[in-house]
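Okay, so the sequence shown: first residue is 1 according to full-length UniProt numbering, each after it adds one. Backbone N, C-alpha and C define an ideal beta-carbon position, used for all residues, glycine too.
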Amino acid sequence: MTAPFAADAAAPILAADADIPPAPVAADAQVQPDGAEAPRASREQDNRPRAPKRDLDGWVLLDKPTGMTSTQAVAVVKRIFGARKAGHAGTLDPLASGCLPIAFGEATKTVPYVMDGRKTYRFTVRFGVETDTDDSEGKAVVTSDHRPTDADIVAALAAFRGEVMQVPPAYSALKIGGERAYDLAREGEEVVLQPRPVTIFRIELVERPDADHAVLEAECGKGTYVRAIARDLGRMLDARGHVSALRRACVGPFLEEDLVPLDEMRERAEAGEEALMDALDPVALALEEIPQIAVTPPDAHRLRCGQSVILRGRDAPIVQGHAAITCQGALIAIGDVDAGEIFPHRVFNWGQKDKKPQRRGKR
């Protein structure tokens with residue numbers, strides 16, 4: 001169900017790993033969910049009744065297409081499902097594709113655990129040009145006629161694995177003196193960001209379409225900028241470079257093989273409620289990578305009231321830190337476990353058992 005990745009894609013990418021706002025829209029126009037502009041009058045004349053919204057809890061793993069902001073994508077999927085409350089875990093720029101997890105209802109409480117998880121990116125480095133944004137949207141600042149060999153690239157990638165210090169791109173959502181770095185950069189001010197530690201668990205060369213392009217795949221931790229990897233790799237190889245195409249394959253426990261394209265989601269909606277709801281994954285899927293603890297109904301009641309409970313008995317699990325708490329198959333709370341005591345800090349308002357397995361694919 002995943003969309004093919006074009007290694008030599010010419011479409012530029014603007015900071016898919018940062019929260020970059022879309023270009024400004026004229027005051028007399030409105031941005032529609034598909035990115036098109038429509039006159040304000042046409043919206044005012046649309047008096048059709050809207051479908052009533054409903055309470056839904058769960059995750060939709062959208063394979064976001066290019067040409068759509070994350071906010072627009074959430075709005076479209078929210079309308080398809082008629083959901084009352086929705087959000088997403090991790091912004092993708094309009095010109096990037098791939099995994100955009102969308103949370104409905106109670107699933108929004110688990111968003112931080114998803115955003116803290118590992119992310120897998122597949123991206124193309126275009127050698128020969130370094131830009132001010134480290135992607136194809138920016139202006140060329142340095143060029144190079146040198147082109148590295150496959151062996152050069154493979155050898156250089158060793159320096160990017162593990163915990164490394166990385167200087168974020170000037171065009172990023174990080175704040176300097178209360179201002180976004182990308183706002184300062186657009187105003188022509190010099191942006192100086194300090195190196196930060198990031199973790200890259202895996203990075204490898206997966207394809208070499210031609211001398212100018214190299215397709216890489218990286219699995220990295222929170223705060224890693226793919227554009228910075230392309231920039232630093234180009235400098236290390238004396239070839240200069242920037243990101244020319246980007247796809248996010250996985251986010252935390254959400255896998256690429258489970259993504260649902262937007263067109264398929266629309267088709268499911270037309271096919272009927274059962275087909276559409278089959279694309280909705282359980283809330284607990286987001287918590288798959290943290291310990292799970294089952295408690296008794298009395299303890300579940302205490303946790304839901306915000307009270308701590310003590311794990312008793314020799315069969316009590318030995319857990320320290322974050323944990324997902326369940327009772328009779330239902331997700332009750334997310335809490336911190338310290339010295340055998342559970343302290344709830346996120347309590348769920350429903351107690352339905354998950355009707356679907358927590359994962360369809362396998363990493």
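In the three-state DSSP reduction, Leu-311 falls in the coil class, being neither helix nor strand. The three-state secondary structure of Lys-109, taken from DSSP, is helix.
Beta-bridge annotation (DSSP): Val-125 is paired with Ala-214 and Val-243.
By the Cβ rule, the segment 299 to 307 does not count as touching the segment 266 to 285, because fewer than three pairs are nearer than 8 Å. Burial state of Pro-317 is exposed, judged by a 10 Å Cβ sphere holding fewer than 16 other Cβ atoms.
Ranked by how close their Cα comes to the Cα of Lys-109, the residues Ala-339, Asp-338 and Ile-332 have Ile-332 in first place. Pairing Gly-67 with Lys-85 gives a Cβ-Cβ distance that is not under 7 Å.
The Cβ atoms of Ala-107 and Trp-59 sit closer than 7 Å to each other.
Assigned with DSSP and collapsed to three states, Ile-102 falls in strand.
For Asp-232, no beta strand (DSSP E) encloses it; the enclosing alpha helix (DSSP H) starts and ends at 226 to 236.
Look at the segment 247 to 296 and you find these whole runs of beta strand (DSSP E), each 3 residues long or longer: 292 to 294.
The C-beta distance from Gly-234 to Arg-240 rounds to 4 Å, short enough to meet the 8 Å contact threshold. If you draw a straight line from the Cα of Glu-179 to the Cα of Val-125, it comes to about 29 Å. With respect to the C-alpha of Gln-166, the residue from Tyr-182, Glu-190, Thr-224 and Gly-128 having the closest C-alpha is Thr-224. Taking one beta carbon from each stretch, the segment 137 to 144 and the segment 156 to 163 have fewer than 3 pairs nearer than 8 Å; the two do not touch. Glu-137 has its alpha-carbon roughly 29 Å from the corresponding atom of Glu-257. Taking C-beta atoms as the reference points, Gly-335 and Phe-343 count as a pair closer than 7 Å.
If you draw a straight line from the Cα of Pro-65 to the Cα of Lys-119, it comes to about 18 Å. About 5 Å separates the beta carbon of Thr-69 from that of Pro-94, a gap short enough to meet the 8 Å contact definition. When rounded, the separation of the alpha-carbon atoms in Leu-62 and Glu-217 is 20 Å.
Rounded to whole angstroms, the separation of the alpha carbons of Ile-290 and Val-251 is 15 Å.
Going by beta carbons, Gly-98 and Arg-248 fall inside the 7 Å limit.
Judged by DSSP secondary structure, Leu-157 falls within the alpha helix (DSSP H) whose first and last residues are 150 to 157. Per DSSP, Thr-326 is not a residue of any alpha helix (DSSP H); the beta strand (DSSP E) it occupies stretches across 321 to 327. Cβ-Cβ separation between Ala-185 and Val-192: approximately 11 Å, too far for a contact (criterion under 8 Å).
CA-to-CA, the gap between Pro-52 and Phe-81 works out to about 11 Å.
Annotation: the continuous beta strand (DSSP E) that includes Ala-86 extends over 86 to 88.
Note that the C-beta distance between Val-243 and Asp-145 is not below 7 Å. Partner residues in the beta bridge of Val-337, as assigned by DSSP, are Gly-321 and Ile-342. For Val-191, the three-state secondary structure derived from DSSP is coil. In this chain, the beta strand (DSSP E) harbouring Leu-61 covers 58 to 64. Between Glu-204 and Pro-253, the beta carbon gap of about 22 Å keeps them out of contact (Cβ cut-off 8 Å). Shown here, Phe-81 sits in a helix according to DSSP, grouped into three states. For Ala-140, the uninterrupted beta strand (DSSP E) segment begins and ends at 140 to 143. Glu-341 sits away from Ile-293, with the two beta carbons spaced by 7 Å or more.
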